[in-house]
Amino acid sequence: MQAQLEAIISETESAAPGIQTRPEFDAFKAKISGPNGSLTQVMKSIGKLPKEEKPAAGKLINAAKQRIDAALAATLARIEENELAAKLGDPIDASLSSPDDFAGMAHPLSQVREEICRVFHRLGFTIAEGPELESEWFCFDALNTPESHPARDMQDTLFLPAGTLSKDAPKKGNEAYVMRSHTSSVQIRTMLARKPPIRIIAPGRCFRRDTVDATHSANFHQIEGLWVDKNVTLKDLKSVLDSFVREIFGTSVETRLRPSFFPFTEPSFEMDIKSPNLGRLSDRWLEIMGCGLVDPKVFENVGIDANEWSGLAFGVGLERIAMLVHGIDDIRHFYANDLRFLRQFA
Ligand code: DAH
5 MQAQLEAIIS
15 ETESAAPGIQ
25 TRPEFDAFKA
35 KISGPNGSLT
45 QVMKSIGKLP
55 KEEKPAAGKL
65 INAAKQRIDA
75 ALAATLARIE
85 ENELAAKLGD
95 PIDASLSSPD
105 DFAGMAHPLS
115 QVREEICRVF
125 HRLGFTIAEG
135 PELESEWFCF
145 DALNTPESHP
155 ARDMQDTLFL
165 PAGTLSKDAP
175 KKGNEAYVMR
185 SHTSSVQIRT
195 MLARKPPIRI
205 IAPGRCFRRD
215 TVDATHSANF
225 HQIEGLWVDK
235 NVTLKDLKSV
245 LDSFVREIFG
255 TSVETRLRPS
265 FFPFTEPSFE
275 MDIKSPNLGR
285 LSDRWLEIMG
295 CGLVDPKVFE
305 NVGIDANEWS
315 GLAFGVGLER
325 IAMLVHGIDD
335 IRHFYANDLR
345 FLRQFA
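For what it's worth, my numbering labels the leading residue of the sequence shown as 5, then goes sequentially.
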């Protein structure tokens, strides 16, 4: 009997791994433990044994049955697993990213702003901020901009109706509030809050009463720069700005300072660049920012001694730089929230 049982066990264990489908399994199981199965036959044969041999035979059969059942159970489990997998198709991995794996990105203007801030950070500048809603004194008077200046005209700047703000909103005197038309107001706020030496850049949003077209937006961004120290000269202005444009446009860029006028700098300049990397704009000088040495009148307005301190200042349009860097021909793309445009900068 033992030899018979061993044969059934080894037959079961060697055939089981090859069984793939449920009908195959059912047929195989019937061959062993069905009414006429080989194991069933052996079990039946116990009845014919002499009484004293029955207990030992029962033990043998039980042990064999356990091994055979285990092999059958494992086979069935494997078949069920395969059946489930076939039903589900490809295995599902919930941790995989979705078919559209676009994870989001910084807006191209934010990217360029960050890049410009990084460049100035390496040159020793820190970031300063000021409010977008300013009073006329910070936006104009303190910056030596007279009442008659065109920027102070209702046609150019967004004034707020009297009484819009609480009486406690910070301002200098009884002047009106405006949406800041440039970030130069942060120069004033910084110089009132801190003592020189000062080296800051102030990125931020500006507002003008502009008709929107391919190069104008009523809402745009500037980065203001201010460096106040002993003996700051035009050489410093040129070297700071040259370093900046080289980092942004590459070392083959040419620069020039063209005399200009701003009420808060003396002398004042427009900085032009020419670069072979700018596609169809490569052959011409392009104006990219205003700059100059801080006018002593501005120092006087914020209580800094102009005999002891000197300074340089500049203001650059963020959209202008981003458009040149990326070859964008219409400023309105930045604000349209069209993903076909934005994803190009991912
Ligand atoms: N605030 C000027 C503008 O909006 C730009 C500017 C020019 C800023 C000269 C400066 C500067 O700091 O020195 O057009």
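The C-beta atom is built at its ideal place from N, Cα and C for all residues, glycine as well.
For residue i, is the beta carbon positioned less than 7 angstroms from some heavy atom of the ligand DAH?
i: E228; result: yes
i: C295; result: yes
i: F124; result: no
i: F211; result: no
i: S314; result: no
i: A222; result: no
i: G319; result: yes
i: S188; result: yes
i: T161; result: no
i: S243; result: no
In or out: residue i buried (at least 16 other Cβ within 10 Å) or exposed?
i: A90; result: exposed
i: I96; result: exposed
i: V216; result: exposed
i: N86; result: exposed
i: T25; result: exposed
i: T414; result: With the chain running from 5 to 350 in the structure shown, residue 414 is simply not present.
i: L220; result: The sequence as given places His at residue 220; Leu does not occur at that position. Answer is exposed; the Cβ neighbour count stays below 16.
i: K153; result: The question names Lys, yet the displayed sequence has His at residue 153. Exposed: under 16 other Cβ atoms inside 10 Å.
i: T237; result: exposed
i: P263; result: exposed
i: E56; result: exposed
For residue i, which of the options has the nearest alpha-carbon?
i: R288; options: S102, S279, I72; result: S279
i: H125; options: I204, T79, K63, A74; result: I204
i: P207; options: G41, S272, L290, V116; result: V116
i: A356; options: T237, R198, A20, C295; result: Nothing can be reported for residue 356, as the shown portion of the chain is limited to 5 through 350.
i: T130; options: G229, L162, D105, P112; result: G229
i: T161; options: S185, V306, R122; result: S185
i: E179; options: E151, L196, P103; result: E151
i: I292; options: P27, V46, G321; result: G321
i: A31; options: K55, I50, R198, L80; result: L80
i: F273; options: S18, L241, G51; result: L241
i: E304; options: A350, D145, F106; result: D145
i: C121; options: L343, P271, Q348, I325; result: I325
Hey, residue i and residue j are a contact pair by Cβ (cut 8 angstroms); roughly how many whole angstroms apart?
i: T187; j: I227; result: 7 angstroms
i: I83; j: F29; result: 6 angstroms
i: F318; j: L245; result: 6 angstroms
i: A218; j: D333; result: 7 angstroms
Given residue i, which residues of its chain have a CB within under 7 angstroms of its CB, disregarding the five upstream and five downstream residues?
i: V249; result: V257, T259, I277
i: R209; result: E136, N223, H225
i: N235; result: S314
Please list, in chain order, all residues of the same chain as residue i whose beta carbon is under 6 angstroms from its beta carbon, the five residues on each side excluded.
i: S189; result: G134, E138, F142, C143
i: W313; result: P200, V232
i: A68; result: L9, I13
Quick one: what's got a C-beta closer than 8 angstroms to residue i's C-beta in the same chain, skipping five residues either side?
i: G283; result: G331
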